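Scroll down for the structure; my scribbles are underneath it.
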Amino acid sequence: MIRRVFYAILAVGSLTCGVTRPASAQDAHTGHQQEKPARQPTPASDQHQHQASTDLPSFIPPLTDEDRKAAFPDVQGHAVHENAVNYLVLFDQLEWQAGEGANGISIDTRGWVGRDRDRLWFRAEGDGEDGGVGEAHTHLLYGRRFSRWWDVVAGIRQDFRPGSPQTWAAFGVQGLAPYWFEIEATAYVGASGRTHARFEVEYELLFTNRLIVQPLFEAEVFGKSDPERGIGAGLSTTDLGFRLRYEFRREFAPYLGVTWRNKWGETADFAEAAGDDPGGARFVAGLRLWF
């Protein structure tokens, strides 16, 4: 009886091993492993569908080409208008100044007309005191963009006041320096070998998207003295200002601020001899407009 039970257990164990043994082990045991056929490359769409079908749950249908077209339609881009003529007119300062000495208005405007790389620029500045014109000059410049943020400019400058009118040949660069400093550097050559250089840098510091403070620094240097206009050789004037504006719209922004204008060297001596203050602080109120 015991012998029969032992033989039955051996028979069941042999049958179980024959059914559950892996095919690779069986082939290795028998020495007759079969080679698998080479896998054919599948198109990219089939690979995506296969991956989607294996990675996604069974209740999510596989991704098709129609689904991709619906998710990523062709977007019509804007046409490039390389030959379009545009323009800009900016009244950067249209203000009333009050402080030590005479009070008056001050205007600083600039603009351009042209294409992306070639433009015709103009600048105009002036200020008035006691109902008269203190200083006034204009520029007419051709500008050529030589890099993404910079233009080289050349043209003429016409001075109307103070003194008799005079004309200068002008050339320089203007653009946007790193950290968003706007820079204008212009050199001038006038009659009788007179030379003049002007440097201007400004920055816009945003407290909010509408409340902006604009620091501005200007400096002028002359090569020769010009007593008729009260100008001395060397560093002539510097102007440092801070204007806080609120942009109701980008094109319309009233502002308040303070400026310090100082005359140096011989220019300060000429001002004192004429009974003028060579420098001091002024409060300003004005509008910044562009269109």
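The end of the sequence shown is residue 293 by our numbering, with every number in the run present. All C-beta atoms in this analysis are idealised placements derived from N, C-alpha and C, irrespective of residue type, glycine included. All of these numbers come straight from a predicted model, not from anything done at the bench.
Contact between Thr-188 and Ala-172 holds: CB atoms are separated by about 6 Å, below the 8 Å threshold. Secondary structure note for Phe-148: it is in no alpha helix (DSSP H), with a DSSP letter that is neither H nor E.
Pairing Arg-117 with Ala-86 gives a Cβ-Cβ distance under 9 Å. When the five nearest sequence neighbours on each side are left out, the beta carbons in the same chain lying within less than 7 Å of the beta carbon of Gly-232 are those of Pro-164, Thr-269, Phe-272, Ala-273, Ala-276, in order along the chain. Annotated three-state conformation of Lys-71 is helix, per DSSP. Between the beta-carbon of Val-154 and that of Phe-183 there is about 18 Å, and that puts the pair past the 8 Å contact cut.
Bounds of the alpha helix (DSSP H) holding Glu-268 are 267-275. In this structure, the alpha-carbon of Arg-263 lies about 19 Å from that of Ile-185. With respect to Leu-92, Arg-70 sits apart: the two C-beta atoms are not nearer than 9 Å. The residue among Phe-148, Asp-67, Arg-252, Glu-127 with its C-alpha nearest the C-alpha of Leu-96 is Glu-127. Counting C-beta atoms within 10 angstroms of its own C-beta, Thr-239 has 16 or more neighbours from the protein chains shown and is therefore classed as buried.
If you keep only unbroken beta strand (DSSP E) runs of at least 3 residues inside the segment 183-248, you get 183-192, 197-204, 213-224, 236-248. As computed with DSSP, Glu-131 is found in a beta bridge with Gly-134.
Judged by DSSP secondary structure, Tyr-89 falls within the beta strand (DSSP E) whose first and last residues are 88-101. Ranked by how close their Cα comes to the Cα of Val-286, the residues Gly-136, Trp-123, Arg-245 have Arg-245 in first place.
Taking 9 Å as the cut-off, the beta carbon of Ser-108 is found closer than this to the beta carbon of Gly-130.
The three-state secondary structure of Arg-125, taken from DSSP, is strand.
With a contact defined as Cβ atoms closer than 8 Å, Ala-179 and Phe-201 miss out at about 12 Å. It is roughly 10 Å from the alpha-carbon of Gly-177 to the alpha-carbon of Phe-148.
Using a 10 angstroms sphere on the CB of Gly-174, the tally of other CB atoms reaches 16 or more, which defines it as buried. Cβ neighbours of Leu-143 within its own chain (closer than 6 Å, five residues either side excluded): Trp-123, Val-155, Gly-157. Around the beta carbon of Arg-119, fewer than 16 other beta carbons lie within 10 angstroms, which makes this residue exposed. Burial of Asp-228 is indicated by the presence of at least 16 other C-beta atoms within 10 angstroms of its C-beta.
Beta-bridge analysis with DSSP links Phe-254 to Arg-251, Leu-291.
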